[in-house]
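Read left to right, the sequence shown gives residues 3 to 517 (our numbering).
Glycine residues also receive a C-beta, built at the ideal position from the N, C-alpha and C atoms.
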Amino acid sequence: MARKDSFGGYEEERFKDKVDIKLQCSICLKVLKDPVQCPNEHYFCGSCIRINLRENAETCPMCQHHLTEEYLTKPPRILTDFLQNLMIRCDHENRGCPELVKLEFLDRHVNSCGYSPTPCTNAGCAVVMNRHEKERHEREQCQFRKIVCDECGEQVIWKSSRVHPCFMRKEMDDLARRLNVVQNNVRKVNDEIKQVKLTQEEMEYITKEATERSDWFTGKQKIFVCGGTDGKTRLNSIESYSWPENSWTLEPAMKKVRAAPSAFVHGREIYVSGGRNETKATDSTETLNVDEEHVEWTLSPVKMPLKCYSQKMVCHENSAILTGGLSDGDNVSDGIYEISLDPPYNSKLLTQIPEPRCYHGCEIVNNQVMVVGGNTSRNFKHATNTVYVHDLNNNECKTLPPLPFPIAEMATVSYKGNVILIGGVNEKGQSLNSVVLYNVKTGKIKMLPRLNHKRSLCAAVTTGNVIIVMGGYDYESKTCLNSVEYLDSSTNIWRELSPMTTKRSALTAVFKPIC
Numbered sequence: 003m004a005r006k007d008s009f010g011g012y013e014e015e016r017f018k019d020k021v022d023i024k025l026q027c028s029i030c031l032k033v034l035k036d037p038v039q040c041p042n043e044h045y046f047c048g049s050c051i052r053i054n055l056r057e058n059a060e061t062c063p064m065c066q067h068h069l070t071e072e073y074l075t076k077p078p079r080i081l082t083d084f085l086q087n088l089m090i091r092c093d094h095e096n097r098g099c100p101e102l103v104k105l106e107f108l109d110r111h112v113n114s115c116g117y118s119p120t121p122c123t124n125a126g127c128a129v130v131m132n133r134h135e136k137e138r139h140e141r142e143q144c145q146f147r148k149i150v151c152d153e154c155g156e157q158v159i160w161k162s163s164r165v166h167p168c169f170m171r172k173e174m175d176d177l178a179r180r181l182n183v184v185q186n187n188v189r190k191v192n193d194e195i196k197q198v199k200l201t202q203e204e205m206e207y208i209t210k211e212a213t214e215r216s217d218w219f220t221g222k223q224k225i226f227v228c229g230g231t232d233g234k235t236r237l238n239s240i241e242s243y244s245w246p247e248n249s250w251t252l253e254p255a256m257k258k259v260r261a262a263p264s265a266f267v268h269g270r271e272i273y274v275s276g277g278r279n280e281t282k283a284t285d286s287t288e289t290l291n292v293d294e295e296h297v298e299w300t301l302s303p304v305k306m307p308l309k310c311y312s313q314k315m316v317c318h319e320n321s322a323i324l325t326g327g328l329s330d331g332d333n334v335s336d337g338i339y340e341i342s343l344d345p346p347y348n349s350k351l352l353t354q355i356p357e358p359r360c361y362h363g364c365e366i367v368n369n370q371v372m373v374v375g376g377n378t379s380r381n382f383k384h385a386t387n388t389v390y391v392h393d394l395n396n397n398e399c400k401t402l403p404p405l406p407f408p409i410a411e412m413a414t415v416s417y418k419g420n421v422i423l424i425g426g427v428n429e430k431g432q433s434l435n436s437v438v439l440y441n442v443k444t445g446k447i448k449m450l451p452r453l454n455h456k457r458s459l460c461a462a463v464t465t466g467n468v469i470i471v472m473g474g475y476d477y478e479s480k481t482c483l484n485s486v487e488y489l490d491s492s493t494n495i496w497r498e499l500s501p502m503t504t505k506r507s508a509l510t511a512v513f514k515p516i517c
């Protein structure tokens, strides 16, 4: 009537009707399971009394009669028959099983119950599901299931099928067809444009997205990640990712070690500014032109107006816009500066935001500098949910509706008039896997699919309608990450790419067209 590995009695709440107190074990006070009795007819669960005799004393807990396991006997048949006819709920009721069965048949039902926890048998999958869901999960839902490519007949794991050559070729063909349709629509007369109900701005977005996706998938664009820390040392190493090869390549290292720097692309060059070296913050900038025959980093005459790290810089026309930053003295900047990228490389203070900011997000959307989230001090306990916007046209700074929760150390990208906040850490020091879309015009929030990994101090870039997130730090496991994942808005699923060669957090990243 009871499984050999069970202990104690049955919870009374599992029974359909109230159970007489005489059917309770005198030790665990639950409904008797595998009942036995002492010579004076005191009833106990078999497991309860045997443990009591071994660990306490060789006496009955009720009458103190000398008792050993050899003197335990089965109770009267009328009692066991009464027990076996009680209606009890399945062990897996909390997993959804609705069955009520006689206690006599409970073990038989549980052994065949369709709601029993069952692990997936596909290698690499850790999902545990109900037994009746197993076949469908392994055949249709499991990310680690094997599928056969229609083109080459090769077996591939579904999770990595997006980087399988045949799939990529199909996606490229489909992308080319979509791009051709968009270009034809642009050429149509105004009546045809009205008929398809697409604005000129929407057409420009679609055309730009399709072109950027095509450039990435064909290797005309690469991701460059710069600096950071591996948890032990600060880094000056650089590596690049190419989609066609689905691999990372080490590039020439920077001249200076830089953790929590900022980077942007201007013209043909990658700019990396600020950050913290072995002992202190810097205001220097160095540049790299990956299109030249001899690729080497060069110290630039461009300097930030203050030595800091965890600042954010974005490129605007022939200038860089610097926001916030943390200095060696733990002073946090509240300034927004404009730095000329042409001689004489002057910088000027545009405005001061209402509170200091570091480890924040910064993007330019519609000629407006967006400053989102971040810390007001070095400590993540001072993470904030405030959002500020500085209009470059009229040099005004305004406060916008707040984020849904305080967040710092996140990556940000801009997309179609929105700022997207990826990962980060909250005021409790917990790394996040949330992805928040913030509409600049309305201040409305939309939650996008969560990352596969919790990560703060990560970096992100976007091309077309694809977001790629790299590295970061997980406060729960206290480890730096080298994992890379991407979200394609056409599928709305985060997928894994090849990991970076180095684990790194507090890194920065850019997309760079390759000539």
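As assigned by DSSP and simplified to three states, the class of Arg147
By 1-based counting over the sequence shown, the position of residue 147 is 145. The DSSP-derived three-state label of Arg147 is coil.
Please state whether DSSP places Lys350 in a helix, a strand or coil.
Numbered from 1 along the sequence shown, position 348 holds the residue referred to as residue 350. In the displayed model, Lys350 falls within a strand according to three-state DSSP.
Using the Cα positions of Val421 and Ile409, report the straight-line distance between them to the nearest angstrom.
As a first step, residue 421 is located in the sequence shown; it is residue number 419 there, counting from the start. As a first step, residue 409 is located in the sequence shown; it is residue number 407 there, counting from the start. Here the C-alpha atom of Val421 lies approximately 14 Å from the C-alpha atom of Ile409.
Can at least three beta-carbon pairs, one atom from the segment 376–390 and one from the segment 344–351, be found at a separation below 8 Å?
No, because fewer than three Cβ pairs between the segment 376–390 and the segment 344–351 fall closer than 8 Å, the two stretches do not touch.
Could you have a look at Arg270 and say whether DSSP puts it in helix, strand or coil?
Locating residue 270 in the sequence shown gives position 268, where the first residue counts as 1. In the three-state reduction of the DSSP assignment, Arg270 falls in the coil class, being assigned neither a helical nor a strand state.
Quick one, are the C-beta atoms of Gln223 and Pro451 less than 8 Å apart?
Working through the sequence shown from its first residue, we reach residue 223 at position 221. Working through the sequence shown from its first residue, we reach residue 451 at position 449. In this structure, Pro451 does not lie closer than 8 Å to Gln223 by Cβ.
Does the structure place the segment 224–241 close enough to the segment 465–482 that three or more beta carbon pairs sit under 8 Å?
The answer is yes - the segment 224–241 touches the segment 465–482, with three or more Cβ pairs under 8 Å.
So the candidates are Asn54, Thr378, Gly233 and Val463; which of them puts its Cα closest to the Cα of Ser28?
Locating residue 28 in the sequence shown gives position 26, where the first residue counts as 1. The shortest C-alpha to C-alpha distance from Ser28 to any of Asn54, Thr378, Gly233 and Val463 is the one to Asn54.
So Gly425 and Leu453 are supposed to be a Cβ contact under 8 Å. How far apart are they, rounded?
Numbered from 1 along the sequence shown, position 423 holds the residue referred to as residue 425. Numbered from 1 along the sequence shown, position 451 holds the residue referred to as residue 453. 6 Å between Cβ atoms; contact.
To the nearest angstrom, how far is the alpha carbon of Arg5 from that of Ile149?
Mapped onto the sequence shown, residue 5 falls at position 3. Mapped onto the sequence shown, residue 149 falls at position 147. Reliability fails at Arg5, whose pLDDT of 46 lies under 50, so the model's placement of it is uncertain and no value is given.
Ser49 - DSSP class collapsed to helix/strand/coil:
For this step, residue 49 is matched to residue 47 along the sequence shown. Ser49: helix per DSSP, three-state reduction.
Can you tell me whether Asp19 is buried or exposed? The criterion is at least 16 other CB atoms within 10 Å of its CB, across all chains shown.
Position 17 of the sequence shown, counted from the start, is the residue given in the question as residue 19. That one is exposed.
Counting only the same chain and skipping the five closest in sequence on each side, list residues whose C-beta sits under 6 Å from that of Asn377.
Position 375 of the sequence shown, counted from the first residue, corresponds to residue 377. Excluding its 5 nearest sequence neighbours in each direction, Asn377 has C-beta neighbours in its own chain below 6 Å: Cys360, Tyr361, His384, Ala385 and Ala410, listed in chain order.
Looking at C-beta atoms only, is the number of pairs between the segment 277–291 and the segment 257–264 that lie closer than 8 Å three or more?
Touching, yes.
Collapsed DSSP secondary structure at Lys136 in the structure displayed
Numbered from 1 along the sequence shown, position 134 holds the residue referred to as residue 136. In the displayed model, Lys136 falls within a helix according to three-state DSSP.
Can you tell me whether Thr464 is buried or exposed, with buried defined as 16 or more other CB within 10 angstroms of its CB?
Counted from its first residue, the sequence shown places residue 464 at position 462. With 16 or more other Cβ atoms within 10 Å, it is buried.
Helix, strand or coil, according to DSSP, for Cys131 in the structure here?
Within the sequence shown, residue 131 is the residue found at index 129, counting from 1. Inspection of the sequence shows that residue 131 is occupied by Met rather than by Cys. It is a strand residue.
Across the segment 61–79 and the segment 35–44, are there enough close Cβ pairs to call them in contact, namely three or more that are closer than 8 Å?
Judged by Cβ distances under 8 Å, the segment 61–79 makes contact with the segment 35–44, as three or more pairs qualify.
Within the segment 59–125, note down every full beta strand (DSSP E) run reaching 3 residues or more, in order along the chain.
Runs of the beta strand (DSSP E) inside the segment 59–125: 89–91, 102–104 and 119–121.
Spatial neighbours of Thr353 within its chain, please: CB distance less than 6 Å, with the 5 preceding and 5 following residues excluded, ordered by chain position.
Start at 1 with the first residue of the sequence shown, and residue 353 comes out as number 351. Cβ neighbours of Thr353 beyond the five flanking positions: Ile338, His392 and Cys399.
Where Phe219 falls: helix, strand or coil (DSSP)
Counted from its first residue, the sequence shown places residue 219 at position 217. Phe219 falls in the helix class under three-state DSSP.
Contacting residues, own chain, Cβ-Cβ under 8 Å from Thr481 (five flanking each side not counted)
Translated into positions along the sequence shown, residue 481 becomes position 479. Hits under 8 Å: Gly233, Tyr475 and Lys505.
Residue interval of the alpha helix (DSSP H) (run including Ala462)
As a working mapping, residue 462 is identified with position 460 in the sequence shown. If you look at Ala462, you'll find it isn't in any alpha helix (DSSP H); it sits in the beta strand (DSSP E) that goes Ala461 to Thr465.
Nearest neighbour of Leu489, chosen from Lys448, Ala508, Ala462 and Cys127 [CA to CA]
Position 487 of the sequence shown, counting from 1, holds the residue named residue 489. Checked all of Lys448, Ala508, Ala462 and Cys127; the closest Cα to Leu489 is Ala462.
In the DSSP assignment, the beta strand (DSSP E) including Gln370 goes from what residue to what residue?
Translated into the one-based positions of the sequence shown, residue 370 becomes position 368. Unbroken beta strand (DSSP E) run through Gln370: Gln370 to Val374.
Beta-carbon contacts of Ile195 that lie in its chain and below 6 Å, excluding the five residues immediately before and after
Mapped onto the sequence shown, residue 195 falls at position 193. Confidence in Ile195 is poor, its pLDDT being 48 and thus under 50, which makes the residue's placement unreliable; the coordinate value appears in the next sentence. Nothing meets the Cβ criterion.
How about Ser329 and Ile341: do their beta carbons lie closer than 8 Å?
As a position in the sequence shown, residue 329 is number 327, starting the count at 1. As a position in the sequence shown, residue 341 is number 339, starting the count at 1. For the pair Ser329 and Ile341, the CB atoms are not nearer than the 8 Å cut-off.
Determine the closest residue to His268 out of His67, Val512, Val33 and Tyr117, with distance taken between C-alpha atoms.
On the sequence shown, position 266 is the one that residue 268 refers to. Taking only the C-alpha atoms, the option nearest His268 is Val512.
Which stretch, first to last residue, makes up the alpha helix (DSSP H) that contains Asp175?
Here residue 175 is taken as the residue at index 173 of the sequence shown, counted from 1. Segment Pro167 to Arg189, the alpha helix (DSSP H) holding Asp175.
By the 10 Å Cβ neighbour count, where 16 or more other Cβ atoms means buried, how is Met502 classified, buried or exposed?
Indexing the sequence shown from 1 puts residue 502 at position 500. Buried, since its Cβ has 16 or more Cβ neighbours within 10 Å.
Quick check: the Cα distance between Leu181 and Glu253, rounded to an integer number of angstroms?
Position 179 of the sequence shown, counted from the start, is the residue given in the question as residue 181. Position 251 of the sequence shown, counted from the start, is the residue given in the question as residue 253. Leu181 and Glu253: Cα-Cα distance of roughly 32 Å.
Check for me: the beta strand (DSSP E) holding Cys364 runs from which residue to which?
Walking along the sequence shown from the start, residue 364 turns up at place 362. Following the DSSP letters along the chain, one finds Cys364 inside the beta strand (DSSP E) bounded by residues Gly363 to Val367.
Return yes when the Cβ of Pro119 is within less than 8 Å of the Cβ of Arg97, no when it is not.
As a position in the sequence shown, residue 97 is number 95, starting the count at 1. As a position in the sequence shown, residue 119 is number 117, starting the count at 1. Judged by their CB atoms, Arg97 and Pro119 are nearer to each other than the 8 Å cut-off.
Neighbourhood of Leu308 by C-beta, 7 Å cutoff - its chain only, sequence neighbours within 5 removed:
As a working note, residue 308 is residue 306 in the sequence shown. Closer than 7 Å at the Cβ level, and outside the excluded window around Leu308, lie Asp285, Gly327, Ser329 and Ser335.
DSSP on Asn377, reduced to helix/strand/coil?
As a working mapping, residue 377 is identified with position 375 in the sequence shown. Looking at Asn377 - three-state DSSP - the assignment turns out to be strand.
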